[in-house]
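Converting from the sequence shown to our numbering requires adding 628 to each position, the first position being numbered 1. Everything below concerns the one structure shown next.
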Amino acid sequence: MIKPIIGIDLDGTLISEIPSKQAHTEWFAIMSSVLGDPAVQNYADLEGDYFPHVFKVMEQYTGLQIKEHKELLTHFARTLFQMSYIGQAFQMKDKLLYTPFATYLRKLKEKYTLALITTAPEDAVMPLLGMVDCLDLFSIVYKGPIGKKSDKTILLKQFIKEHGKPICYIGNEDGDVQACLKTNVKSILVNWNNTELENVEPDYTVCNVEELNGVISKLEGLNPPT
């Protein structure tokens with residue numbers, strides 16, 4: 629029997645998004661300090677695509693030009709970020725995991741192939757899973773390369789090409805929803821903190837494991853194992 633695939637996000641879905649947000653702020657604080665430029669720290673608060681500012685900072689610090697060394701500068705920047713990410717996660721290790729969700733996934737694993745599909749910096753993923761005792765949870769761990777800017781749509785397309793299409797993808801932000809829309813994958817948005825959502829239109833929104841189970845049961849009827 630071939631088990632259907634369920635795709636799952638990491639940051640903000642399986643584990644708290646707090647460490648990554650703190651690492652984001654810390655990255656700009658560190659670079660602000662080493663450059664002696666207080667204005668750099670303000671970049672952490674920008675909405676939308678902040679990566680042009682990351683490249684600006686990296687050019688200023690290394691003297692390398694983005695047009696010639698884009699992948700290398702991306703690698704440098706994300707390496708610093710993932711070190712901070714791991715450090716911030718360790719500080720809240722006991723509160724890092726969304727435990728009811730992880731427990732539910734272990735039950736789903738009996739009937740589904742669980743695939744972690746994450747744009748988190750690749751070298752940080754396995755240590756983070758180890759930190760929350762989830763190294764054995766996923767049959768597939770699919771990570772984006774550290775030398776590339778994170779892009780969930782590209783990553784999901786690559787996953788589908790290599791492993792086939794998931795029956796759904798469980799994420800927590802608009803980027804996850806948009807990636808699903810562009811790849812014709814059902815999107816399930818988890819809102820564990822029950823916060824107000826604006827301008828996000830997933831196929832399904834759930835606030836707890838009970839609601840998620842109802843959605844998975846519905847999808848199971850549409851996608852029975854073969």
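Glycine residues also receive a C-beta, built at the ideal position from the N, C-alpha and C atoms. A quick note: this is a predicted structure, and the numbers were derived from the prediction, not measured.
Cα-Cα separation, residue 656 to residue 846: As a first step, residue 656 is located in the sequence shown; it is residue number 28 there, counting from the start. As a first step, residue 846 is located in the sequence shown; it is residue number 218 there, counting from the start. Distance between the alpha carbons of residue 656 and residue 846 is about 44 Å.
Which of helix, strand or coil DSSP assigns to residue 725: By 1-based counting over the sequence shown, the position of residue 725 is 97. Correct three-state label for residue 725: strand.
Length of the line joining the Cα atoms of residue 686 and residue 740: Position 58 of the sequence shown, counted from the start, is the residue given in the question as residue 686. Position 112 of the sequence shown, counted from the start, is the residue given in the question as residue 740. Residue 686 and residue 740: Cα-Cα distance of roughly 42 Å.
Collapsed DSSP secondary structure at residue 732 in the structure displayed: Your numbering for residue 732 matches position 104 in the sequence shown. In this structure, residue 732 counts as helix in the three-state DSSP scheme.
Endpoints, alpha helix (DSSP H) assigned at residue 715: In the sequence shown, the residue the question calls residue 715 occupies position 87. Here the alpha helix (DSSP H) through residue 715 covers 694-719.
Proximity of residue 633 and residue 792 at Cβ, strictly below 8 Å: Translated into positions along the sequence shown, residue 633 becomes position 5. Translated into positions along the sequence shown, residue 792 becomes position 164. Yes. Within cutoff.
Of the residues 698, 724 and 705, the one placed nearest residue 642, counting alpha carbons only: Your numbering for residue 642 matches position 14 in the sequence shown. Of 698, 724 and 705, the residue nearest in Cα terms is 724.
CA nearest to the CA of residue 650, picked from 666, 778 and 672: Position 22 of the sequence shown holds residue 650. Checked all of 666, 778 and 672; the closest Cα to residue 650 is 672.
Residue 821, buried or exposed, once every other Cβ within 10 Å from all chains shown has been counted against 16: Taking the sequence shown and counting its residues from 1, one reaches residue 821 at position 193. Exposed.
Simplified DSSP state of residue 630, which is helix, strand or coil: Translated into positions along the sequence shown, residue 630 becomes position 2. Residue state, collapsed to three classes: coil.
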